[in-house]
Every structure is written in structure tokens, then in C-alpha cells.
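Worksheet for the structure shown next.
Written out as C-alpha cells, the structure reads:
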């Protein structure tokens, strides 16, 4: 990714590394990137329809794109003036010049306490603020950015104690993203997903959950999961795939705005999405795949929805709750 010393760092980064571990607080669980194929069944769709009737909503709206995962129209993002060289190709966004090989930007290291990595995280978060701020402004809403908390081992959150083993996660109760930077070593070594854009993708996914929260999608989904716990995993998968799609939308709009992408970046993101699919993680950790236990989606599903968001650059394509097959 293209960053230089002039690029803004977000002021919404809170560094708790080196502080004492967390303690349990009341609240719900955060929305996680897991470290350690399903779709919504006909039964689930009927359940959702019944619930929408209870809330005074038209269940057909779910099938027409006005359900919990639908979005307003957003105009195309104008490019920000920049001194960086621009790309003149009008090909598909996935056709970034030099797909195989090419020069990549400096890739920050990952050890805890590495200030270079903190700077990188701050710049990525700043880019999410700029992009989503413009998107929200385009349909008449203010975007309240989340905070990014860097921690070591464990830290208190409004959703309970955050622990490194959980991987990066978003807590909707305090609207903060929590990351132990050790995760990026896991991503690189254990999951074979190196690269700076792989790291940015993880943050963009969690920011996607924040977008779901501020638009009210997360609350609607939580209501469905609470009322029908047997279908909670299937509902959660659609929630996670939508966050992947929103991460893809952000990558597209951010490149339009700031010309950030370099050869190989999108491959890094697609590889990361693939490596942390539920089927891949289950195969590595327990030796078998159990689709009914999926909470984030398979590798193929995660790649498909990130790619879908990136190719379109429009939030409307991210209505996973309206998709017949995810």
C-alpha cells in the first residue's frame, strides 16, 4: 500500500500495550475475526419473516433489499488531489497493473511494541474515516468513527474481557476495535497471509461491523439471533460476510480517493479472506469441517463477498441478507 510521512494518522488510536490484563465486565460478546458453505435456510427465512411482522415490518422488504442489510444509494467517490502517480487504466478494479510480481510498498513489522506497525494501523484507520465519512455524508448522515485499541494479552471492554486468543474484534457496546498486534504474526506465519494489505483488510472488516452498528443493522441481527438461537450461526455468517463485502467496498473507494493500492495488494486481501475462512480454520485446528458450526463463512464465501464489494465499490451489493445463496 502507498503511504508516506505526509499521510494522516487517526487520532482514534488508543495504545494499551504494556498495561495490566483485563477483567470481566457486563455486556455481550464482540464481533471477532476467528483464529482458532452455509446459507440462510428456508426455515430461517420464514422465521425472519415472522419476526418482521412482529416488529410491524413487511417481510417482503427483506427479499427486496430493504431488510437488515440494505443500504442507501451512494454516488461515485471523487478522487482526492494527490502528488502520487495515478493509474489511467479503466479496467476492472481487480486488474491492478502488475498482478503477478511488481514492486510492493514497505511492509511494516508486527512485533508488539513496534511503533511502525502502530503508525500503519493509524493510517489505515484514518483512511476508513475519510472514506466512510464521505459515504455517510453522501446520504445525509454523520459518520462517528470507531476507536482502535491496541492491547497485549488481555484488556477490559464493554463486551467483556478481550483476549489475544479471540483475534481482532469489534465491540458494539463501546464502539471500539480491539487488536493485539501479535495477531499479525499469526496471520503471517500460521495462516500464510502476509502483507500490509492483509493487515489493512482485517481492520477494514472490523470497521465494516462498526458501519453495521451505526446503521442499525447489527441491532436487528442481534434481535433475530436472540429470538432464534438455533439459527444464530446462519444469521451471523451473513453478518460477517457483509462486513467482508464492506471491506471490499472500502478498498475500492479508498483507491479511487487516494490511489493506495499497489501490485499484489488485492491478492493479499483475497488470500487473507481465504485463510481465515471457517472451513480452513476448522481443518487446521480440528482436522475436519463442520459447516453447521460456521460463524464467519467458508473461505470461498469470504473471498466471494470481499471481491464482490471491491469490484462494485457500492454498498448496495453487500445485502447478504437478501442473497439466495451466500
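Residue numbers (the numbering used here): 751 to 1076. Glycine included, each C-beta is placed from N, C-alpha and C at the ideal position. Fair warning: this is a prediction, and the values are worked out from it, not measured in the lab.
* Asked: Hey, residue 964 and residue 928: beta-carbon distance below 8 Å or not?
  -> no
* **Per-residue DSSP class, three states only, for residue 898** => strand
* Range covered by the alpha helix (DSSP H) that runs through residue 1040 -> Run containing residue 1040: none; DSSP gives neither H nor E here.
* For residue 927, the first and last residue of its enclosing beta strand (DSSP E) -> 926-929
* **Identity of the residue in 763, 889, 967 nearest residue 870 by Cα** => 763
* Cutoff 8 Å; reference residue 1088; Cβ partners in own chain excluding five residues on either side -> The chain is shown only over 751 to 1076; residue 1088 falls outside these bounds and no answer can be derived.
* **Simplified DSSP state of residue 889, which is helix, strand or coil** => coil
* Asked: Is the number of C-beta pairs between the region 1010-1019 and the region 983-994 that are closer than 8 Å three or more?
  -> no
* For residue 761, collect the residues of the same chain with a Cβ closer than 8 Å to its Cβ; drop the 5 residues on either side in sequence, then sort them by chain order. => none
* To do: Could you tell me which uninterrupted alpha helix (DSSP H) segments, each at least 4 residues in length, are contained entirely in the region 985-1070, listed from first to last along the chain?
  => 1015-1025, 1028-1036, 1049-1062
* To do: Using the DSSP secondary-structure output, state which residues sit across from residue 981 in a beta bridge.
  => Looking at the DSSP assignment, residue 981 forms no beta bridge with any residue, so it has no partner.
* **Buried or exposed by the 16-neighbour rule on C-beta atoms within 10 Å, applied to residue 1107** => Because the chain here runs from 751 to 1076, residue 1107 falls outside it and cannot be looked at.
* **Distance between beta carbons of residue 971 and residue 989, contact taken as under 8 Å** => 5 Å
* Is there contact here, the region 923-940 with the region 1002-1013, by at least three beta-carbon pairs under 8 Å? -> no
* Excluding the 5 residues preceding and the 5 following residue 882 in the sequence, name in chain order all residues of the same chain whose CB lies nearer than 8 Å to its CB. => 893, 895, 957, 961, 1000
* Straight-line Cα distance separating residue 949 from residue 968 -> 24 Å
* To do: State the DSSP-derived secondary structure class of residue 972, mapped to helix, strand or coil.
  => helix
* What number of angstroms, rounded off, separates the C-alpha of residue 917 from the C-alpha of residue 1026? -> 11 Å
* To do: Please confirm whether residue 1033 and residue 1040 have their CB atoms less than 8 Å apart.
  => no
* **Neighbourhood of residue 808 by C-beta, 6 Å cutoff - its chain only, sequence neighbours within 5 removed** => Confidence is the limiting factor: at residue 808 the pLDDT is only 41, short of 50, which leaves the residue's position unreliable and the question unanswerable from this model.
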